[in-house]
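Down below is the structure, laid out as structure tokens.
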Amino acid sequence: MIVLGSEKVVKIGIVGFGIVGSGVYEVLRTNSDGIAAKTGGIDIKYILDIRDFSDHAESHLFVSDFDTIVNDREVSIIVETMGGLTPAYEYTKKALLSGKSVVTSNKELVATYGDELLQIAADNKCSYLFEASVGGGIPVIRPLNQCLAANKIEAITGILNGSTNYILTQIIKHGQPFEEALKGAQQNGYAESDPTADVEGHDACRKICILTSLVTGKKIDCDKVYTQGITNITLRDVEYAEKLGSVIKLIGMSRVEDNGKITVMVAPMMLSLNNPLSHVESVNNAVMVSGNAIGDAMFYGPGAGKLPTASAVVADVIDIVCGGAGRIMWSKADGEIITPQSEVEFRFFVRVDSGVDKSEITRVFGANEYITVCEDEYGFVTCKMTENMLKQKLSTFVSAGYIRVLD
Ligand code: HSE
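Position in the sequence shown counted from 1, then plus 630, gives you this note's numbering.
This is the structure in structure tokens:
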């Protein structure tokens, strides 16, 4: 920790000079005066990237061997903006074991090895911080860990992936085809290097797992979380949603149940326009948190992109320098703590063939309103049931698909 006014400049290394890493460089350079006033100064001593940056204005900063950074006793903080597990896991572990704090935007690494890396950081009296791993530029990790620390957090519901929210907004508001909207997300630097992680829901899954692990202290394993992306959403689903006064959003949610189990999942859902999350558009994310003291609180802002994400990374660096980094810790749970998906109930919006008798639908699903957007089918909303129950009941009808309704 640096005592304010002591004028000691802290030296850092940036590991990975892609979208986020170069954003960190830019924020540190652009806002250097303000940051120096807060911290005494943060100096980039190294940038690690295996690509050629010999024509960069500060090409002397670039190195290609991680050991150069980790073995330099002057460097006290490493910014890991490589993404992925390999070699980020190995580098992070090495840095923490040598007593250097690590700041990251790498949600895959935090979700997968956060428990272990946090423990290593604690054992070596340094910090492992990852504000940028969830919600891009939105402050959410620190508020949950510090400002809302007095609460028992009972539920988290959020739009946690900027790319898919951008894609859905482009489709819904501008009638843009999926592929074109995805290209836009990539061009704007929102999407993962492999955008499958975005569109199939894995990125949102990592983020809800990080948030839920943070507030429960128990590691939530991504592999065990029901995850569905947006690739099956059709323009017709969008039309139905509109007619219902709703929108479709990719939602990550978790809830601590009375039996102590945690219900956690990611899926596209229909949201009524009364739900504040329904108005979160484009690359923005929002996280709604229910605490037993505060009630409901919502965090909203840009969920991806170079400078918003870098803003969160640099804030973590500043926190470490100023000694404000709170203690974050979670560990592996004993036994199964996730509610089996087969027990989770929702209302569903269902599309069936127009030949299906409506009185049968009312009898079987308790539906009393039918929505039509075309001649060959109609839609309705069921009463609450599990997905298995829905599938069973639907088996005798010709169905064109269904989507969960977020109540
Ligand atoms: N691909 C991520 C997203 C980047 O679109 O939200 C920010 O984590």
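Glycine residues also receive a C-beta, built at the ideal position from the N, C-alpha and C atoms.
Taking only the alpha-carbon atoms, compute the straight-line gap between residue 650 and residue 994 and give it to the nearest angstrom. So the alpha carbons of these two residues sit roughly 51 Å apart.
Flag residue 821 as yes when its Cβ comes closer than 7 Å to any non-hydrogen atom of ligand 1, and as no otherwise. It does: the Cβ of residue 821 is within 7 Å (strictly closer) of some heavy atom of ligand 1.
Would you kindly report the start and end of the unbroken alpha helix (DSSP H) that includes residue 596? Absent from the model: residue 596. The displayed extent of the chain is 631 to 1037, so no value can be given.
Member of 968, 701, 777 whose CA lies at the smallest distance from the CA of residue 888: Answer by Cα proximity: 968.
Short of 6 Å in beta carbon distance, which residues of its chain neighbour residue 743, apart from the five on each side in sequence? Order them along the chain. Taken in chain order, the residues that qualify are 719.
From residue 751 to residue 806, what does the alpha carbon distance come to, in whole angstroms? Pairing residue 751 with residue 806, the inter-Cα distance amounts to about 46 Å.
Let's test the definition: count the other Cβ atoms within 10 Å of the Cβ of residue 633 and tell me whether it reaches 16, buried, or not, exposed. The predicted model places residue 633 with a pLDDT of 47, which falls under 50 and marks its position as unreliable; any figure quoted below should be read in that light. Exposed: under 16 other Cβ atoms inside 10 Å.
Do you know whose CA, among 877, 791, 866, 811, lies nearest residue 838's CA? Residue 791 holds the alpha-carbon nearest to the alpha-carbon of residue 838 among 877, 791, 866, 811.
Does the pairing of the region 857-870 with the region 933-944 give three or more beta-carbon distances under 8 Å? As far as the Cβ criterion goes, the region 857-870 does not touch the region 933-944, which means the pair count is below three.
Considering residue 659, what are the terminal residues of the alpha helix (DSSP H) in which it resides? Following the DSSP letters along the chain, one finds residue 659 inside the alpha helix (DSSP H) bounded by residues 649-660.
Counting Cβ pairs closer than 8 Å, one from the region 948-957 and one from the region 655-672, do we hit at least three? Three or more Cβ pairs drawn from the region 948-957 and the region 655-672 lie within less than 8 Å of each other, which places the two stretches in contact.
At which residue ranges does the region 824-890 contain complete beta strand (DSSP E) runs of 3 or more residues, listed in the order of the chain? If we require 3 residues or more, the beta strand (DSSP E) runs fully inside the region 824-890 come out as 876-886.
For residue 702 and residue 728, I'd like the C-alpha separation in whole angstroms. CA-to-CA, the gap between residue 702 and residue 728 works out to about 10 Å.
If you draw a straight line from the C-alpha of residue 1024 to the C-alpha of residue 907, how long is it? Straight-line Cα distance between these residues: approximately 29 Å.
Between residue 677 and residue 933, what straight-line distance do the alpha-carbon atoms span, to the nearest angstrom? Cα to Cα, the separation comes out at about 25 Å.
Along the chain, where does the alpha helix (DSSP H) that runs through residue 814 open and close? Taken as a continuous stretch (DSSP letters only), the alpha helix (DSSP H) holding residue 814 covers 808-817.
Going straight from the alpha carbon of residue 931 to that of residue 778, what length do you get? Roughly 19 Å separates the two Cα atoms.
Please state whether DSSP places residue 978 in a helix, a strand or coil. It is a strand residue.
Is it right to say residue 832 is buried, meaning 16 or more other beta carbons lie within 10 angstroms of its own, or is it exposed? The residue in question, residue 832, is buried, as its Cβ has 16 or more Cβ neighbours within 10 Å.
Does the separation of the CB atoms of residue 645 and residue 708 fall below 8 Å? Taking C-beta atoms as the reference points, residue 645 and residue 708 count as a pair closer than 8 Å.
For residue 763, which three-state DSSP category applies? DSSP places residue 763 in helix when its eight states are reduced to three.
Can you tell me which residues form a DSSP beta bridge with residue 932? In the DSSP output, where bridge partners are listed per residue, residue 932 has 914.
Any non-hydrogen atom of ligand 3 closer than 7 Å to residue 718 Cβ: You won't find ligand 3 in this model; what it holds is ligand 1.
How about the region 1011-1023 and the region 969-988: do they share at least three Cβ pairs that are nearer than 8 Å? Judged by Cβ distances under 8 Å, the region 1011-1023 makes contact with the region 969-988, as three or more pairs qualify.
What did DSSP end up calling residue 1034 once you bin it into helix, strand or coil? In the structure shown, residue 1034 sits in a strand (DSSP, three-state: E or B).
Identity of the residue in 1034, 661, 652 nearest residue 859 by Cα: Comparing Cα positions, the closest option is 1034.
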